[in-house]
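Okay, structure first, notes after.
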Amino acid sequence: MSVSDRLERKIDRLERSIEKKREKIKKLDDKFKDHKIEERKFTTKKKHILSKIRSLDAQVRVLKGGLVKSRHNIDKTAE
């Protein structure tokens, strides 16, 4: 298994977890609209989830950069 394959799998895994966290925010929003949770609790949980999403996005950007770099190096060595 090459480095690029592992990076692609890791990126896919992180993107799936980002989508799950966005779904959590939607569920929280629905609960808030149904008056099942208070506004304070909603905003704190939403901020917490959004900070996790931002950190995962940063990881994805770094991994995509590493993937581009490794593919570029492979192409250079192939020539």
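Everything in the sequence shown is counted per the working numbering, starting at -7 for the first residue and increasing by one. We put the CB at the ideal spot given by N, CA and C, even for glycine. Treat the numbers as computed from the prediction; the structure is a model and nothing was measured.
- Excluding its 5 nearest sequence neighbours in each direction, K38 has C-beta neighbours in its own chain below 7 Å: I17, L20, listed in chain order.
- By the neighbour-count criterion, in which a residue is buried when 16 or more other Cβ atoms sit within 10 angstroms of its Cβ, L42 is exposed.
- Distance from S47 to L(-1) at the Cβ level is roughly 18 Å; contact not present, criterion being Cβ atoms closer than 8 Å.
- In terms of Cβ geometry, K2 and L55 form a close pair [threshold 8 Å].
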